[in-house]
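Take the sequence shown: its letter number 29 is residue 584 in my numbering, and every next letter is one higher.
Glycine is no exception: its CB is placed at the ideal position from the N, C-alpha and C atoms.
Predicted model, so just to flag it, every value in this text is computed and none were measured.
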Amino acid sequence: MEPATHDLSVALYRYMCQNIVGTEEQVRTLRMMNTVRDNLQSNEGWTMITSGSLGEGLQIRGSDLDIMMVFTFVEVCENPNIHFYPCTTYFTMEQEDTSPGFTKLRLVYKSATHDTSVDLYRFMCQHIVGTEEQVKTVRMMNSVRDNLRSNNDWTVITSGSFGDGLQMRGSDLDIMMAIKCIEVCEDTNIPFNPDAIYLAIETEDTQPESAKQNPSMVMYDYLCQNIVGTEVHVKTIRMTNAVRDNLQSDNITTVINSGSFGDGLEMQGSDVDPWRCQFIFDS
């Protein structure tokens, strides 16, 4: 290996250990913690396996949490001509008309002592979705928050999985804003309100102009107040990011905070893009 290439590899390794991946000791510790947690969450009915980057001990920003649940009483086999156990549910693999890396499962035998649907429902209530009482509580909290954010100009609606009360890791936060001064109608032969804006579903150009409301300004005001922030707030975050990047950079690496956070937009549900490093070697 050439000296320049060797120095580049060493510098990249040190940067990743210090700022992104972590040292070997930290990676080993995370792997051990994942193994212990998986063992505590496993029982006679299923085995928990934390996979992906977190399962490998790499806590990289923007990575999601991948968890596999392996039922101990379910067996998938290629050859159906095997000895059956009455307490085990069997599936066979069918690879015809499937995409590469995928397979279809056909139920061959269902155990009378285990109900896979009930076990899956209990697991999701305990570890992923939450109980019915928790889901109802989250839905009520979303409704209260939406009512507090709504006013005479718009109605805020929390939709998606969070709106349904399911606070699952990796889910996005979906928010709809229904502007009250805008009405969408199929039939254009209706009495018009001079203070409202009408949009026709058909392609005909029948959209009366409004003298009192501007949808663009209403949307802009809502974004500044509830999601993006004012222009001064965005400029402050950009300046903070630039100062932090300069402090973390040196003669070898240049740190750049990119993505929405780099542009000064601290929006809910946005991830942090990994910092890019640039290596410069003088000849």
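Nonlocal neighbours in the same chain, by C-beta distance under 6 Å from residue i, ignoring five residues either side
i	result
G819	V789, I792, R793
V810	D800, Q803, S804, W830
G784	none
E821	none
E738	A751, Y753
V690	G720
E633	M648
R586	G612
V591	none
C779	T785
Environment of residue i [buried if 16+ CB atoms lie within 10 Å]
i	result
I756	exposed
V684	buried
I752	buried
V565	exposed
T627	exposed
V699	exposed
V798	exposed
V693	buried
N697	buried
N589	buried
P763	With a pLDDT of 49 at P763, under the threshold of 50, the modelled position of this residue cannot be trusted, and the question is left open.
Residue i vs residue j beta-carbon contact at 8 Å
i	j	result
G718	D729	yes
G551	R583	A query on residue 551 cannot be resolved here, the shown segment of the chain reaching from 556 to 838 and no further.
N812	N796	yes
S608	P641	no
T808	Y568	no
Inter-residue CB distance, residue i and residue j (contact presumed, cutoff 8 Å)
i	j	result
S606	D619	Between D619 and S606 the Cβ distance is about 11 Å, and since that is not below 8 Å, they are no contact.
D701	T713	6 Å
T643	E630	5 Å
V711	M732	6 Å
Sequence-distant residues of the same chain with beta carbon closer than 7 Å to residue i, five excluded per side
i	result
V663	P635, Y645, F646, T647
M624	W601, M603, F678
D593	M603, I604, T605
C572	T578
C740	Y753, A755
P746	none
C680	T686
Beta-carbon contacts of residue i that lie in its chain and below 8 Å, excluding the five residues immediately before and after
i	result
I615	I575, V576, S608, P829
N707	K735
E649	T658, K659, L660, R661
beta-carbon residue i near the ligand PLP non-hydrogen atom, thresh 7 Å
i	result
I737	This structure simply doesn't include the ligand PLP, nor any ligand for that matter.
Chain B within 8 Å of residue i, Cβ atoms only
i	result
G814	Absent from the structure is chain B; it holds one protein chain and no more.
Review point. Does the region 586–599 come within contact of the region 559–571, defined as at least 3 CB pairs closer than 8 Å?
Key: These segments do not touch.
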